[in-house]
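Chemist: Going by the UniProt record's numbering, the letters in the sequence shown line up with residues 1 to 304, in that order. Every residue, glycine too, gets a C-beta built ideally from N, C-alpha and C.
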Amino acid sequence: MKIKSVALIGMGAVGTVYGNLLYNTYGSDFAVIADKSRKEKLKKDGFTLNGKTFYPEIISNGDLNKKIDLIIFCVKNYQLAQAIDDVKDFVGKETILITLLNGVTARSRIHAAYPENKVLYGLSMKIDAQRSEEGVTNTVDGVIHFGEADNTTISQDVQAVSDCFNKAGIENIVFPDMIRTIWKKFMLNVGANQITAITRAPYGKITSIDTNLTLYKEAMMEVLAIAKSSDIDLREEDIEEFVTLMSGFSPNGRTSMLQDVEAKRKTEVDYFAGTVIEMGKKLNIPTPVNHVLYCIIKSIEELY
1 MKIKSVALIG MGAVGTVYGN LLYNTYGSDF AVIADKSRKE KLKKDGFTLN
51 GKTFYPEIIS NGDLNKKIDL IIFCVKNYQL AQAIDDVKDF VGKETILITL
101 LNGVTARSRI HAAYPENKVL YGLSMKIDAQ RSEEGVTNTV DGVIHFGEAD
151 NTTISQDVQA VSDCFNKAGI ENIVFPDMIR TIWKKFMLNV GANQITAITR
201 APYGKITSID TNLTLYKEAM MEVLAIAKSS DIDLREEDIE EFVTLMSGFS
251 PNGRTSMLQD VEAKRKTEVD YFAGTVIEMG KKLNIPTPVN HVLYCIIKSI
301 EELY
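(1) Starting from the Cα of G92, find the closest Cα among Y26, A113, K185, T153 and give me that residue.
(2) What are the residues that DSSP puts in a beta bridge with A31?
(3) Cβ atoms of L293 and residue 305: under 8 Å apart, would you say?
(4) Quick check: the Cα distance between I276 and E262, rounded to an integer number of angstroms?
(5) Checking 8 Å against the spacing of the C-beta atoms, do V158 and V17 come in under that value?
(6) Using a threshold of 8 Å, state whether the C-beta atoms of E222 and G280 are closer than that.
(7) So the beta strand (DSSP E) I144 belongs to, where does it begin and stop?
(8) Tell me whether R235 sits in a helix, a strand or coil according to DSSP, three-state version.
(9) Do F165 and I144 come within 8 Å of each other at the CB atom, strictly closer than that value?
(10) From what residue to what residue does the beta strand (DSSP E) around V17 run?
(11) Taking the alpha helix (DSSP H) that V158 belongs to, which residues open and close that run?
(12) From the DSSP output, in three-state form, read off D177 for me.
(13) Could you check where the alpha helix (DSSP H) with Y216 kicks off and where it finishes?
(14) Could you check the C-alpha separation between G147 and G122 for me, to the nearest Å?
(15) What is the DSSP secondary structure of I198, reduced to helix, strand or coil?
(16) If I'm right that G142 touches S162 with Cβ under 8 Å, what's the distance once you round it to whole angstroms?
(17) Roughly how far, in whole angstroms, is the beta-carbon of R107 from the beta-carbon of T99, given that I think they are within contact range, below 8 Å?
(18) Under the rule that 16 or more other beta-carbon atoms within 10 Å means buried, what is F242, buried or exposed?
(19) Checking 8 Å against the spacing of the C-beta atoms, do S132 and N193 come in under that value?
(20) Does N102 pass the burial test, meaning 16 or more other C-beta atoms within 10 Å, or should it be called exposed?
(21) Can you list, in chain order, the residues of its chain with a C-beta nearer than 7 Å to that of Y26? Leave out the 5 residues immediately preceding and following it.
(22) Could you check which residue in L245, A13, D69 has the C-alpha nearest to that of K76?
(23) Please list, in chain order, all residues of the same chain as F54 whose beta carbon is under 7 Å from its beta carbon, the five residues on each side excluded.
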């Protein structure tokens, strides 16, 4: 299979970076999917990346009788239900769907809506995109990790998506065990995103301030306990790897959740600490650190 048409839903910081690369490569065969209520504004305003505005085609349900080969989800978790509905007219029998959402629940939600389609796991790492009212800025495009749950043998669909990304200049890696990979990113998000949301710390201050480092590790340890009880291959050395990883980010860079808090936007805390708390209850595993983080971040949102 060769991917000839691509659409993306969710033109936030990450979506704008990858949308720009795909638009530059696929041109009129790339489109942004949006709700009808936002379509005209998006067509007029376009999307700005590093000071340059681009104007991809904007499509909505009911616009055209066309199925898309590859649809990429880049929305926030709390926008996913709407996004799943917004793409329905463009999903054909052969359409491949891939999620780049944070957390560990998005793929199953998309698959439940489109059980006959190939739905791939995915995430973005090491991207430094920042969103403001002026648009998105970034210096590092990052790497997309994606695939089936088990990629010891690469499927034709996964290879087709990899070829698509390579064509667009999007670095990508297919890991043998995507469940482990998704859970590693989840553990990192539970630590880094939530700590920065309550402390306003940039990347450089997550591990250089002892109290931040303690919270960072302890929040992740609760994810590790849940993973071990669920037969998911997370390890204590993964936490130490993430401590080292922080030194590789721009010290003044900010997590997506910190950007949300600073812009007074809804956060994804329900899908980070909220998921940890829910899973902990089911498995009878205490999650006191994430419970406190959840309460504080919810309070911050109420005080906007």
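Modeler: Once the coordinates are examined:
(1) It is A113.
(2) A7, E57.
(3) The structure shown does not extend to residue 305, since the chain spans only 1 to 304, so no value can be given for it.
(4) Note on residue identity: the sequence assigns Val, not Ile, to residue 276. When only Cα atoms are considered, V276 and E262 end up about 24 Å apart.
(5) The Cβ atoms of V158 and V17 lie no closer than 8 Å to each other.
(6) The answer is yes: Cβ separation under 8 Å.
(7) It spans 143 to 147 - the beta strand (DSSP E) in which I144 sits, taken as one unbroken run.
(8) Coil.
(9) Contact flag set, yes.
(10) Careful: V17 lies outside any beta strand (DSSP E), inside the alpha helix (DSSP H) at 13 to 26.
(11) Run containing V158: 156 to 168, per the alpha helix (DSSP H) assignment.
(12) D177: strand per DSSP, three-state reduction.
(13) DSSP places Y216 inside the alpha helix (DSSP H), whose first and last residues are 210 to 229.
(14) Each residue's Cα considered, the two are about 7 Å apart.
(15) Residue state, collapsed to three classes: helix.
(16) Actually they are not in contact, since the Cβ atoms of G142 and S162 sit about 16 Å apart, beyond 8 Å.
(17) Their Cβ separation, rounded to whole angstroms, is 5 Å, which keeps R107 and T99 in contact under 8 Å.
(18) Buried, since its Cβ has 16 or more Cβ neighbours within 10 Å.
(19) Contact: no.
(20) The residue is buried, with at least 16 neighbouring Cβ atoms inside 10 Å.
(21) Only residues of its own chain outside the window of five on either side were considered, and among them V6 have a CB closer than 7 Å to the CB of Y26, listed in chain order.
(22) If we check each option's Cα against that of K76, A13 comes out closest.
(23) The residues are N20, Y23, G46, F47.
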